[in-house]
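S.K.: My structure is below; once you've seen it, I'll send some questions.
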Amino acid sequence: MWTKTTPFLVIATVLLLLSPETTILGVWSLNVALNDDVLGLMVFKADIQDPYLRLSTWKEEDDSACKWSGVTCDPYSNRVTELHLDGFSLSGHISKGLLRLQFLQTLSLSRNNFTGLIGNPILTQLIKSSQVIDLSENGFFGSIPDQLFVDCGSIRSLSLAKNKLTGVIPDSFGSCMTLQNVDLSSNQLSGGLPNNIWSLTSLRSIDLSNNFFDGEIPHEKIETLFDLRVLNLSSNNFSGELPEKIGECLLLKSVDFSNNYFVGTIPSSLQKLSLCNVLNLRGNYFAGDLPEWIGNLKSLEVLDISVNNFSGLFPTSLGDLEALNTLNLSLNQFTGNLPESLANCINLSVVDFSRNLFTGNIPVWAFSLLRLKGVSLSGNQLAGTLDFGEAAAAFDTLEIMDLSSNSFSGIIPSSIGNFSSLVFLNMSWNSLTGPIPSSLGQLKAVNVIDFSHNWLNGSIPDEIGGAALLEELRLENNFFTGEIPATIGTCSVLTTLILSENNITGGIPAGIANLTELESVDLSFNHLTGGLPKELSNLTNLIIFNISHNDLEGELPLGGFFNTIPLSSVSDNPSLCGSIVNQSCPGAHPKPIVLNPNPSHSNHDSPPLTLGHKRIILSISAIIAIGAAVFIALGVIIVTILNLHVRSSLSRSPAGALTFSGGDEFSHTRSPSSDYGKLVMFSGDTEFVSGTHALLNKECELGRGGFGVVYWTALGNGRSVAIKKLHVPSLIKSREDFDREVKKLGKIRHSNLVLLEGYYWTPSLQLLINEYVSSGSLYKHLHEGNYENTLTWRDRFDIILGTAKGLAHLHQMNVIHYNMKSSNVLIDCSGEPKVGDFGLAALLPSLDRHVLSGKIQSALGYMAPEFACQTVKITEKCDVYGFGILVLEVVTGKKPVEYMEDDVVVLCDMVRGAVESGGAEGCVDGKLKGDFPVEEGISVIKLGLVCASQVPSNRPDMEEVVKILELIRCPPENQEEIV
């Protein structure tokens, strides 16, 4: 039999006849060795999937693997020494075939889809026997085994980044003395760092970022890391102070401690890091002044100390950092004027001083540095007029200018048009006056222009149409007059146009109907007149179109978005007509037409044809009526035939013939009064379990709310689902609109949102089929006897954070919840919160605000105050308000409104009063006894009060809430969960 080794045996036999014995044996052994590499790689290939045939050059008949893709061989021995398969889209498990590569020194399999336990003996052996291992960006999981670093051989570089590793770093890690580069970032590793971690004196780079490590950084022996260049511990839960001797690692070039819980001041030893390029301390609790010695770091290119508690004056020594490229001091408490010394930082590209307490005028350097691309000074107390000076050289580089939320006054200089590279321009929330300069049209690259909330006047210049790449134009809350320029129709990529609360007159330009990317338009509270262009109905991406409080007239466009436009968006336009405003439009009545059956003989003197002494006169409306009657009659016959056919088909299909058979039961049984509809399951499951439990059996009722009743049932495969029967079928959209809206909600996927799995619709019955969440609602866990003793503080914090993440994702998808409350937050078996009942208001387009308020009256205490004001726009900030109340409910264990014997206690007011009087700690639920994390709890309470602010603009958005919560979280080691 011919086997894979047969060619080598044949060659060996021939050589035996021609050469000395030693030569024969030497060549034969070399070929067998080469064949080991081929065989090993072919075994490896056989165990994986290669969808794009990136390994097509690997062929088993080859004598050597040296010319194969991704393979590198030693030029003298022709043995495989390196395997680089990065980004090949390979998947599967790492097989033992690679163990046959006896001379393999480098194994790089990053950016693939390999899976398996990281503690697999094959991987352990490969790591021990190689010098460079890169398994990053795959799907390896499990904990790192202790034996991996015991007798770790000659391994120099190890990257396991961006996998799914869990557990702790084993203590044996500190014994692997050959390690130079370690990257374990972006996993789910936890626990503290081994105390002997700094014993690895050969370390040049260590990256442990984006994990769940906690505790303090080991202080001992850190100064012995003489070769350390890169230290990245960002985005973990580390706490305490930084090691004082960290500056003794004199070769450090990049230091990143961002997004942790470090406290104290910056270690003075850092001033010794003369080679340091990057210092990132963002998102901690560092406090005090920024020391003057910071100017000693002459090589510094990036300095980010944002989101801390630094205070005091800006150190002028920063002007000595000539290499500085990026400077971020935002979200601190710095005071005083912006330093003139930064004019010496000739390489500055990005400057962010936003959200501090800076005062005075803008220094000249802000618009004169040659390489400056971004300037953000928003949220300070800067004042004075804007003067861009003669800094023409900077005009070609600046891309971001954010001067918002200050006290600038005076006019916008016409030289603004010289900033030809501007992409983002924000001067909102100031006291600017005068007109918009026509030079704004010269900003050919600008995407966002925001001049809202100022005192600007005059008309919007026609030249605005020159900003061809403009995506957002926000000019609301000013004193603009004149008409909307027709040239706005040339801004073809415009998505957002906000001109509300001005004194704009005239009509809506027809050219707006050509802006096919438009998503949000707000022209409310102006003096617009005339009709709406009918072509507006062709704008398929519209989400908001608010024209309320104007003097518009005529018929609303029909079709598309305008079939479901909220009444509040068109209110207070007395002369508008159409079905949305419940006002018919006046129409002209045509004159009757006299039909003459013999027109060839007719003349002006001949009498009309008579029949039975009656003149035959038919009007156009009569002709239309006759034609319609004939059409309807034919339609009835056709529909009847089709209906009989469909009913016959449905009776044979349990998935398509679900019927509502009285009461609250859902049955497969056909009855004469059955109301047939179509069941759509996004997951593909279309069959329910029949038998004793009907789909809407009252015995399986889970709960009732403002929008409907929820029942439990099971699919054919045994998986549980929750079915919501909507209460208001007469107000729900048409079948097509209902389908579209529900499918939009069905595409939303997030671990903290209840999954919508399908729906069922008929004119008289609408069902939503949701993921079943087994452990009940948050309301039950907080307020009902069977649940209330189960939530620790850590449980509560995690529920608040998970709920915030779910809401933030909804808002990213442009979905407003409208009904945020604890009974709509469900807890799964692992304790994770899932927000449900989101977006249901979008299914009820004919409900105005007061009706909607009635539908969610069970959310008393959660409803934002703007619900009571018909003229205030309902936005995502309503959800933020409800979330704020929910936060207070979770922390205090009390309901939003509690009725006492002779009093009513409003939770938000009670907590706010306690905080103002210094008694916030007393608000915490009494069931959380013992070592409760007071600082964390009070911070969460204050966040809840900010979210529940009476003024919508004072509430943060949910993405900001998530970031704040992640910063609030106290280190787990300093906490004890108290039941």
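Under mature numbering (1 follows the signal peptide of the UniProt record, and there is no 0), read the sequence shown as residues -24 to -1, 1 to 955, first letter to last.
For glycine and all other residues, C-beta sits at the position ideal for the given N, C-alpha and C.
Can you give me the C-alpha to C-alpha distance between Leu883 and Gly898, rounded to a whole angstrom?
M.R.: Reading the sequence shown from its first residue, position 907 is the one you call residue 883. Reading the sequence shown from its first residue, position 922 is the one you call residue 898. Computed Cα separation, rounded: 13 Å.
S.K.: Does the segment 861 to 868 come into contact with the segment 711 to 731, if we say contact requires no fewer than three beta-carbon pairs (one atom in each stretch) closer than 8 Å?
M.R.: Contact fails: fewer than three Cβ-Cβ distances are below 8 Å.
S.K.: Quick one: using the 10 Å Cβ neighbour count with 16 as the cut-off for buried, is Val910 buried or exposed?
M.R.: Here the question's residue 910 lines up with position 934 in the sequence shown. Flag for Val910 reads exposed.
S.K.: If you compare alpha carbons, which of Cys252, Asp527, Leu552, Gln309 is closest to Ser282?
M.R.: For the purposes of this step, residue 282 is taken as residue 306 along the sequence shown, with counting starting at 1. Closest by alpha carbon: Gln309.
S.K.: Between which residues of its own chain and Ser415 is the CB-CB distance below 7 Å, once the five residues before and five after are set aside?
M.R.: Sequence index remark: in the sequence shown, residue 415 carries index 439 (1-based). If we look at Ser415 and ignore the five residues flanking it on each side, its Cβ neighbours are Ser390, Ile392, Gly393.
S.K.: Might you give, ordered along the chain, the residues of its own chain that have their beta carbon closer than 6 Å to the beta carbon of Ala263, omitting 5 neighbours on each side?
M.R.: As a working mapping, residue 263 is identified with position 287 in the sequence shown. Asn285.
S.K.: Return yes when the Cβ of Ile412 is within less than 9 Å of the Cβ of Leu398, no when it is not.
M.R.: Residue numbering aside, residue 398 sits at position 422 when the sequence shown is read from its first letter. Residue numbering aside, residue 412 sits at position 436 when the sequence shown is read from its first letter. Their beta carbons are not under 9 Å apart, which means Leu398 does not touch Ile412 by this criterion.
S.K.: List the endpoints of the continuous alpha helix (DSSP H) containing Thr471.
M.R.: The residue you call residue 471 lines up with position 495 of the sequence shown. It is not in any alpha helix (DSSP H) - Thr471 carries neither H nor E in the DSSP assignment.
S.K.: Using the rule of at least 16 other Cβ atoms within 10 Å of the residue's Cβ for burial, across every protein chain shown, is Gln357 buried or exposed?
M.R.: Locating residue 357 in the sequence shown gives position 381, counting from the first residue. Flag for Gln357 reads exposed.
S.K.: At a cut of 8 Å, does the segment 33 to 41 reach the segment 92 to 100 through at least three beta carbon pairs?
M.R.: With a cut-off of 8 Å, the segment 92 to 100 and the segment 33 to 41 do not count as touching, because too few Cβ pairs lie within range.
S.K.: Taking the alpha helix (DSSP H) that Asp885 falls in, what are its first and last residues?
M.R.: By one-based count along the sequence shown, residue 885 stands at place 909. 883 to 892 is the extent of the alpha helix (DSSP H) around Asp885.
S.K.: Would DSSP call Phe329 helix, strand or coil?
M.R.: Position 353 of the sequence shown, counted from the start, is the residue given in the question as residue 329. Three-state result, Phe329: coil.
S.K.: In chain order, what residues of the same chain have a beta carbon less than 6 Å from the beta carbon of Leu743, not counting five sequence neighbours either side?
M.R.: Sequence index remark: in the sequence shown, residue 743 carries index 767 (1-based). Excluding positions up to five away in sequence, the list reads Ile699, Lys701, Tyr736.
S.K.: Taking all protein chains shown into account, decide if Val938 is buried (16 or more other Cβ within 10 angstroms of its Cβ) or exposed.
M.R.: If you number the sequence shown from 1, residue 938 lands on position 962. Per the 10 Å Cβ criterion, buried.
S.K.: Evaluate Ala22 with the Cβ neighbour count: other Cβ atoms within 10 Å of its Cβ, from every protein chain shown; 16 or more gives buried, anything less gives exposed.
M.R.: The residue given as residue 22 occupies position 46 in the sequence shown. Ala22 is exposed by the Cβ-count criterion.
S.K.: Excluding five sequence neighbours on each side, which residues of the same chain lie with their C-beta closer than 6 Å to the C-beta of Leu499?
M.R.: Along the sequence shown, read from residue 1 onward, the residue named residue 499 stands at position 523. So the qualifying residues of the chain are Leu475, Ile523.
S.K.: Taking the DSSP output, what are the residues bridged to Ala690?
M.R.: Here residue 690 refers to the residue found at position 714 when the sequence shown is read from its first residue. Answer by DSSP bridge pairing, in chain order: Ser696.
S.K.: At a cut of 8 Å, does the segment 171 to 191 reach the segment 119 to 129 through at least three beta carbon pairs?
M.R.: The segment 171 to 191 is not in contact with the segment 119 to 129.
S.K.: Report the partner residues of Ala359 according to the DSSP bridge assignment.
M.R.: Here residue 359 is taken as the residue at index 383 of the sequence shown, counted from 1. DSSP lists Ser383 as partners of Ala359.
S.K.: Go through its chain and collect everything with a Cβ distance to Thr668's Cβ below 8 Å, but skip five positions before and after it.
M.R.: Locating residue 668 in the sequence shown gives position 692, where the first residue counts as 1. A caution first: Thr668 carries a pLDDT of 33, below 50, which makes its placement in the model unreliable, though a value can still be read off. Nothing meets the Cβ criterion.
S.K.: Excluding the 5 residues preceding and the 5 following Thr335 in the sequence, name in chain order all residues of the same chain whose CB lies nearer than 6 Å to its CB.
M.R.: Taking the sequence shown and counting its residues from 1, one reaches residue 335 at position 359. Gln357.
S.K.: Going by alpha carbons, who is nearest to residue 999 out of Arg770, Met839, Glu760, Asp804?
M.R.: Coverage of the chain is limited to positions -24 through 955, which leaves residue 999 absent and any answer about it impossible.
S.K.: Starting from the Cα of Arg770, find the closest Cα among Ser211, Gly807, His787 and give me that residue.
M.R.: What you label residue 770 is simply residue 794 of the sequence shown in a count that begins at 1. Selected option, being the one with the closest Cα: Gly807.
S.K.: List, from N- to C-terminal side, the beta strand (DSSP E) runs of 3 residues or more that fit wholly inside the segment 90 to 171.
M.R.: Counting whole runs of 3 or more residues, the segment 90 to 171 contains the beta strand (DSSP E) stretches 108 to 110, 115 to 119, 133 to 135, 140 to 143, 157 to 159, 164 to 167.
S.K.: So who's on the other strand from Trp174, going by DSSP bridges?
M.R.: By 1-based counting over the sequence shown, the position of residue 174 is 198. Note: Trp174 sits in no beta bridge, so no partner.
S.K.: Assuming Leu374 and Lys349 make a contact with CB atoms under 8 Å, what is their CB distance in whole Å?
M.R.: Within the sequence shown, the letter at position 398 stands for residue 374. Within the sequence shown, the letter at position 373 stands for residue 349. 6 Å between Cβ atoms; contact.
S.K.: Excluding the 5 residues flanking Gln81 on each side, which residues of the same chain have their C-beta closer than 8 Å to its C-beta?
M.R.: Walking along the sequence shown from the start, residue 81 turns up at place 105. Thr57, Glu58, Ser106, Gln107, Val108.
S.K.: For a minimum of 3 consecutive residues, which ranges assigned as the beta strand (DSSP E) are wholly contained in the segment 479 to 551?
M.R.: Taking only runs of at least 3 residues, the beta strand (DSSP E) segments lying wholly in the segment 479 to 551 are 496 to 498, 520 to 522, 527 to 531.
S.K.: For the alpha helix (DSSP H) that contains Ala784, what are its first and last residues?
M.R.: On the sequence shown, position 808 is the one that residue 784 refers to. Run containing Ala784: 769 to 788, per the alpha helix (DSSP H) assignment.
S.K.: Pro809 bridges to which residues according to DSSP?
M.R.: Within the sequence shown, the letter at position 833 stands for residue 809. Answer by DSSP bridge pairing, in chain order: Ile803.
S.K.: Identify, in the order they occur along the chain, each residue of the same chain with its Cβ nearer than 6 Å to the Cβ of Gly860, setting aside the five sequence neighbours on each side.
M.R.: The sequence position of residue 860 within the sequence shown is 884, counting from 1. Gly920, Cys923, Ala924, listed in sequence order.
S.K.: Using the rule of at least 16 other Cβ atoms within 10 Å of the residue's Cβ for burial, across every protein chain shown, is Leu534 buried or exposed?
M.R.: By one-based count along the sequence shown, residue 534 stands at place 558. It counts as exposed.
S.K.: For the putative contact between Cys252 and Val239, defined by C-beta atoms under 8 Å, what is the C-beta separation to the nearest angstrom?
M.R.: Reading the sequence shown from its first residue, position 276 is the one you call residue 252. Reading the sequence shown from its first residue, position 263 is the one you call residue 239. Between Val239 and Cys252 the Cβ distance is about 22 Å, and since that is not below 8 Å, they are no contact.
S.K.: Taking Asn163 as the reference, which of Leu691, Ser148, Gly143 has the closest Cα?
M.R.: In the sequence shown, counting from the first residue as 1, residue 163 sits at position 187. Taking only the C-alpha atoms, the option nearest Asn163 is Gly143.
S.K.: May I have the straight-line CA-CA distance separating Asn260 from Phe814, to the nearest angstrom?
M.R.: Within the sequence shown, numbered from 1, the residue matching residue 260 stands at position 284. Within the sequence shown, numbered from 1, the residue matching residue 814 stands at position 838. In a straight line, the C-alpha of Asn260 is about 34 Å away from that of Phe814.
S.K.: Rounded to the nearest angstrom, what separates Phe427 and Ser404 at their Cα positions?
M.R.: Translated into the one-based positions of the sequence shown, residue 427 becomes position 451. Translated into the one-based positions of the sequence shown, residue 404 becomes position 428. Looking at the two C-alpha atoms, the distance is approximately 5 Å.
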